[in-house]
Every structure is written in structure tokens, then in C-alpha cells.
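Under the numbering used here, the sequence shown is numbered contiguously, ending at residue 279.
In what follows, a structure is listed as C-alpha cells, so that the remarks can point back to it.
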Amino acid sequence: MRRWWWWIAGFTALFLIVGLGGGYLMWKAHEELWNPKDPMTVVKRAVAGTLQSPSFSFESTFLIRVDGREEVISRFSGDRAEGEKFHLKGTLLQSPAEIYTAGNLFYLWDPVKKNWYTIEKNRFGPQDLLLSEISPLTALDIKNIEGVTVTGIDSVDEDKCLIMECRTEVSNRLLAALWKDFYYRIWVDPEKNRICKVVVEATSRNGPRDRLILMLKFWNYGGQQNIDLPRVAERQQL
């Protein structure tokens with residue numbers, strides 16, 4: 042009888058050791074996830090995860106603040122599908138706009154002629170620079186990230202996120218030409234390596250009191266977004 046008690050005691054001790062060890066490893070992994078030692082790596086992974094995602098939904102608002110007055114430059118909502126296709130619908134320079142993109146090709150609605158026409162991105166002139174950088178991903182084309190810090194934990198819809206702040210240089214031609222001192226606040230889901238929300242602020246190169254504010258929100262990663270490009274007659278292409 043005593044031998045059975047020894048077996049029971051041994052198995053119980055082994056179970057406790059394995060259970061405690063597994064619990065410690067899970068706690069350690071959770072601690073490293075939400076209190077990262079290398080926050081810059083977390084940001085880079087999340088940026089890469091967002092850029093490489095084949096599909097998601099998004100909202101974007103681009104506004105400037107001049108002399109304390111805010112003016113919305115663009116406000117869009119839309120989807121990404123199959124990696125290279127985007128559909129955006131909203132306002133651009135206070136006018137209704139609907140845009141499709143597929144690779145280097147843009148589909149634009151002409152409200153006067155009531156039809157769609159296309160234009161290649163490499164054929165944009167200076168007057169079309171704003172349109173050429175309309176993709177929500179251009180703000181994530183960043184380089185020379187500096188001073189990444191974790192400032193808190195927040196939820197964006199149902200996703201628990203780290204709030205991370207940093208200063209960067211941007212590759213976006215339009216933004217870099219007009220603005221400087223870019224400061225990013227990024228809501229990162231560290232479990233899925235993706236971005237749920239971004240707020241970008243920058244200072245005008247022409248007026249230190251003028252500010253740019255760009256707000257982006259991403260959700261429905263990996264969803265079944267379907268984007269059917271408009272049909273355009275050959276003679277309507279530009």
C-alpha cells in the first residue's frame with residue numbers, strides 16, 4: 042500500500058513541476074509580448090505584416106491645421122484585395138471621389154462624362170501628385186525609425202494593441218516635400234504582427250505652426266474582400 046502512495050506522490054510532483062514550468066513559460070511569453078525589450082523590432086514586424094497582407098479594410102483621413110483651423114484634404118474608406126487591388130470611396134479636396142487601383146493603373150470616375158477612365162501612375166503630372174500618393178499604405182513606407190517607445194495598451198475595436206510612438210523619415214514624395222519632423226503613434230497587435238491604427242503628425246516646411254494630421258485605421262485582415270475593376274473602353278483610357 043505504501044508503494045502506491047509513493048507512485049501517486051511522484052506523479053503528483055511531476056505534474057506540478059510540468060504545470061508550473063509551462064505556466065511560467067506562458068507568463069514569460071506574455072510578458073515579453075506586452076512589455077517588449079526591443080520595441081523597434083515590434084514596429085518593423087507590424088509594418089511588414091500590414092504591407093504584406095493580401096486583404097483588409099481601411100479608413101483614412103488626411104487633414105491640415107493652419108492658423109488653428111483644420112481643413113480636410115481627403116477622407117476615404119475602402120478595401121484591399123488580392124494584394125494589389127484597392128477600392129477607395131470618399132472625398133478628395135472637398136469633392137466626391139471614387140478610385141480603383143490595380144498595380145500601376147488607376148481607375149477614375151469622371152462625373153462630367155459619367156464614365157470611367159484609366160491612367161498609369163508613371164504618367165501623373167505635378168498636378169496629380171496628391172492622387173499618385175492616395176494609397177493608405179504610402180504612410181507606412183517609412184525609413185530611419187528612431188526612438189520607439191511603448192506608451193500604453195489600448196483596444197481598437199476587438200483587438201488589444203500596444204501604443205507605440207516614434208519619429209521617422211518618410212519615403213512618400215508628397216509628404217516629404219511639404220512636411221518634416223514626422224511623429225507616429227501606432228496601435229500594434231503584437232500577437233498578429235499587424236497595425237490596427239496610425240496617427241501621423243508633422244510640421245510644415247513653410248510654416249512651423251502649421252500641422253499635418255493623418256489618421257489611418259485597418260481591420261478585417263485576411264477577409265474575403267472582392268474588388269471588381271470598372272469596365273473602361275479603350276478610347277476612354279488616358
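Ideal Cβ positions, reconstructed from N, Cα and C, are used throughout, including at glycine.
Note that this is a predicted model, so its numbers are computed, not measured.
{"Query": "Closest residue to residue 247 among 141, 219, 265 and 213 (Cα-Cα distance)", "Result": "219"}
{"Query": "Own chain, CB closer than 6 angstroms to residue 116, minus 5 neighbours either side, in chain order", "Result": "102, 131 and 132"}
{"Query": "Residue 83 in three-state terms, based on DSSP", "Result": "helix"}
{"Query": "Option in 143, 74, 135 and 198 with minimal Cα separation from residue 111", "Result": "135"}
{"Query": "Cut-off 6 angstroms between Cβ atoms - residues of its own chain near residue 254, not counting five sequence neighbours on either side", "Result": "104 and 242"}
{"Query": "Residues of its chain near residue 63, where Cβ-Cβ distance is below 7 angstroms and the 5 sequence neighbours each way are ignored", "Result": "In this prediction, residue 63 scores a pLDDT of 48, lower than 50, which makes its location untrustworthy; the coordinate-derived value is nonetheless stated afterwards. Cβ neighbours of residue 63 beyond the five flanking positions: none."}
{"Query": "Between the CA atoms of residue 213 and residue 272 - distance to the nearest angstrom", "Result": "30 angstroms"}
{"Query": "Own chain partners of residue 126 with C-beta closer than 8 angstroms, once the 5 adjacent residues on each side are dropped", "Result": "141, 142, 143, 268 and 270"}
{"Query": "Closest Cα partner of residue 177 within the set 159, 239 and 161", "Result": "239"}
{"Query": "Contacts around residue 230, its chain only, beta-carbon distance under 6 angstroms, and the 5 residues preceding and following it disregarded", "Result": "200, 202 and 237"}
{"Query": "Reduced DSSP secondary structure (H/G/I, E/B, other) of residue 252", "Result": "strand"}
{"Query": "Cβ neighbour criterion (16 or more within 10 Å) applied to residue 196", "Result": "exposed"}
{"Query": "Burial state of residue 83, where buried means 16 or more other Cβ atoms lie within 10 Å", "Result": "buried"}
{"Query": "Residue burial classification, residue 87 (beta-carbon count within 10 angstroms, cutoff 16)", "Result": "buried"}
{"Query": "Three-state class that DSSP yields for residue 181 in the structure shown", "Result": "helix"}
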